[in-house]
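Chains as they are written, first to last, in the numbering used here: chain A, 95 to 207; chain B, 33 to 143.
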Amino acid sequence: NAGVTQTPKFRILKIGQSMTLQCTQDMNHNYMYWYRQDPGMGLKLIYYSVGAGITDKGEVPNGYNVSRSTTEDFPLRLELAAPSQTSVYFCASSYGGVKNEQYFGPGTRLTVT
Amino acid sequence: GQNIDQPTEMTATEGAIVQINCTYQTSGFNGLFWYQQHAGEAPTFLSYNVLDGLEEKGRFSSFLSRSKGYSYLLLKELQMKDSASYLCAVIYGGSQGNLIFGKGTKLSVKP
């Protein structure tokens, strides 16, 4: 199993550009999540999904969109990139249930200039 | 609002024991997680507590007191590879979106 994979690993965007961060998991997990992590800060939940076709906002959803058309894929869309979106983005997945241990992808380091 | 507090940094010596504390104030509680994150890498799961008491897993143990809103992670027989950030996270509601992470504690292990 590859686990959770993310592409790209690094990206530099200009202000106003758009891009999609890709996330795929091969563990047949129902739950998937997108976080951002700024230096010295904790992980902030952007969006999450409890199954294909179902998504919901987390703590910091503004400026982002998601979709979940399959169990495996959970792309994150940035529209009109802003410098405040410079961050490291982590995708995670879990079985759900009581324990809900999350498995994280390697992250995407995004810089908006 | 929801809040988690952890010390920002700690230093310990190889072979020693270190305790990393976490206090939380949340509207509800459905479990507490500890994750380890090496610099430049993704977090990895260490432990989960939902009932009061101590959970032991090899060199790592995690304790929870729900009445005090308090947890700690205990690392024994410290090794250099334990140098990392340790993240405390709490699920505080019935939804998977009700999850908050602390800012993490950066642990440096010295020879």
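Quick reminder that beta carbons are idealized off the backbone N, C-alpha and C, glycines included.
Since the model is a prediction, treat every value here as computed from it, not as a measurement.
* Rounded separation between Phe65 of chain B and Leu107 of chain A - CA only -> Counting from one through the second sequence, the residue named residue 65 of chain B turns up at place 33. Counting from one through the first sequence, the residue named residue 107 of chain A turns up at place 13. So the two alpha carbons sit approximately 34 Å from each other.
* Quick one: list the residues of chain B neighbouring Leu139 of chain A, beta-carbon separation under 7 Å, in chain order. => Indexing the first sequence from 1 puts residue 139 of chain A at position 45. Within chain B, Gly129 and Leu131 have C-beta atoms less than 7 Å from the C-beta of Leu139 of chain A, given in sequence order.
* Round the Cβ separation of Met113 of chain A and Ser187 of chain A to the nearest angstrom and send it over; I've been treating them as touching at under 8 Å. => In the first sequence, residue 113 of chain A corresponds to position 19, counting from 1. In the first sequence, residue 187 of chain A corresponds to position 93, counting from 1. Not confirmed; about 21 Å, so no contact.
* **Which listed residue (A:Glu166, A:Gly199, A:Arg162 and A:Arg105) has its alpha carbon closest to that of Ala175 of chain A** => As a first step, residue 175 of chain A must be located in the first sequence, where it is residue number 81. Checked all of A:Glu166, A:Gly199, A:Arg162 and A:Arg105; the closest Cα to Ala175 of chain A is A:Arg105.
* Identify each residue in the region 111 to 130 of chain B for which the Cβ-Cβ distance to at least one residue of chain A is less than 8 Å, and report them in chain order. => Cβ contacts with chain A come from Leu119, Ala121, Ile123, Ser127, Gln128 and Gly129.
* Report back the beta-carbon spacing between Leu107 of chain B and Phe92 of chain B to the nearest angstrom; my notes put them in contact at under 8 Å. => Within the second sequence, residue 107 of chain B is the residue found at index 75, counting from 1. Within the second sequence, residue 92 of chain B is the residue found at index 60, counting from 1. So it is a contact: roughly 6 Å between Cβ atoms.
* For Ser143 of chain A versus Tyr125 of chain A, is the C-beta distance shorter than 9 Å? -> Here residue 143 of chain A corresponds to residue number 49 of the first sequence, with the count starting at 1. Here residue 125 of chain A corresponds to residue number 31 of the first sequence, with the count starting at 1. Yes. Within cutoff.
* To do: Mark Gly199 of chain A as exposed unless 16 or more other C-beta atoms lie within 10 angstroms of its C-beta, in which case mark it buried.
  => Against the first sequence, residue 199 of chain A aligns to sequence position 105. That one is buried.
* If you draw a straight line from the alpha carbon of Tyr104 of chain B to that of Gly136 of chain B, how long is it in whole angstroms? -> Counted from its first residue, the second sequence places residue 104 of chain B at position 72. Counted from its first residue, the second sequence places residue 136 of chain B at position 104. About 12 Å.
* Asked: What residue does the beta strand (DSSP E) around Arg105 of chain A start on, and which one ends it?
  -> Walking along the first sequence from the start, residue 105 of chain A turns up at place 11. Judged by DSSP secondary structure, Arg105 of chain A falls within the beta strand (DSSP E) whose first and last residues are Phe104 to Leu107.
* For Ile109 of chain A, does the count of other Cβ atoms within 10 angstroms reach 16, so buried, or fall short, so exposed? -> Walking along the first sequence from the start, residue 109 of chain A turns up at place 15. By the C-beta density criterion, Ile109 of chain A is exposed, having fewer than 16 other C-beta atoms within 10 angstroms.
* **Close-in-space but distant-in-sequence residues of the same chain around Pro39 of chain B (CB under 8 Å, 5 per side omitted)** => Taking the second sequence and counting its residues from 1, the one referred to as residue 39 of chain B is at position 7. So the list reads Ile52, Asn53 and Thr137, once near-sequence residues are dropped.
* To do: Please list, in chain order, all residues of the same chain as Met42 of chain B whose beta carbon is under 7 Å from its beta carbon, the five residues on each side excluded.
  => Numbered from 1 along the second sequence, position 10 holds the residue referred to as residue 42 of chain B. Answer for Met42 of chain B: Val50, Ile52, Thr137 and Leu139, listed in chain order.
* Residues within the region 77 to 110 of chain B neighbouring chain A, beta-carbon criterion of under 8 Å -> Going along the region 77 to 110 of chain B in chain order, one finds Phe77, Tyr80 and Val82 with a Cβ nearer than 8 Å to chain A.
* To do: Could you tell me the boundaries of the beta strand (DSSP E) in which Lys142 of chain B lies?
  => To locate residue 142 of chain B, count along the second sequence from 1; it is residue 110. Counting along the chain, the beta strand (DSSP E) containing Lys142 of chain B begins and ends at Thr137 to Lys142.
* To do: Could you please give me the residues that DSSP links to Ala44 of chain B through a beta bridge?
  => Within the second sequence, the letter at position 12 stands for residue 44 of chain B. Answer is B:Val141, bridged to Ala44 of chain B.
* To do: Check the Cβ of Tyr142 of chain A against every Cβ in chain B and list those closer than 9 Å, keeping chain order.
  => Residue 142 of chain A sits at position 48 when you count from the first residue of the first sequence. For Tyr142 of chain A, the chain B residues whose C-beta falls within less than 9 Å of its own C-beta are Ser127, Gln128, Gly129 and Leu131, listed in chain order.
* Asked: Going by beta carbon distance, what residues of the same chain come within less than 6 Å of Gly126 of chain B, once the five residues before and after it are set aside?
  -> Sequence index remark: in the second sequence, residue 126 of chain B carries index 94 (1-based). Within the same chain, and ignoring the five residues on either side of Gly126 of chain B in sequence, no residue has its Cβ closer than 6 Å to its Cβ.
* To do: State yes or no: is the beta carbon of Ala71 of chain B nearer than 9 Å to at least one beta carbon in chain A?
  => Indexing the second sequence from 1 puts residue 71 of chain B at position 39. Not closer than 9 Å to any Cβ of chain A, the Cβ of Ala71 of chain B fails to qualify, so no.
* To do: Give, in chain order, every residue of the region 191 to 204 of chain A whose Cβ lies closer than 8 Å to some Cβ of chain B.
  => Against chain B - using a Cβ distance shorter than 8 Å - the residues of the region 191 to 204 of chain A are Val192, Lys193, Asn194, Glu195, Gln196, Tyr197, Phe198, Gly199, Pro200 and Gly201.
* Asked: Can you tell me where the beta strand (DSSP E) with Phe133 of chain B in it begins and where it stops?
  -> What you label residue 133 of chain B is simply residue 101 of the second sequence in a count that begins at 1. Under the DSSP assignment, Phe133 of chain B falls in the beta strand (DSSP E) whose first and last residues are Leu131 to Phe133.
* Asked: Who pairs with Lys89 of chain B in a beta bridge, going by DSSP?
  -> For the purposes of this step, residue 89 of chain B is taken as residue 57 along the second sequence, with counting starting at 1. Answer is B:Phe92, bridged to Lys89 of chain B.
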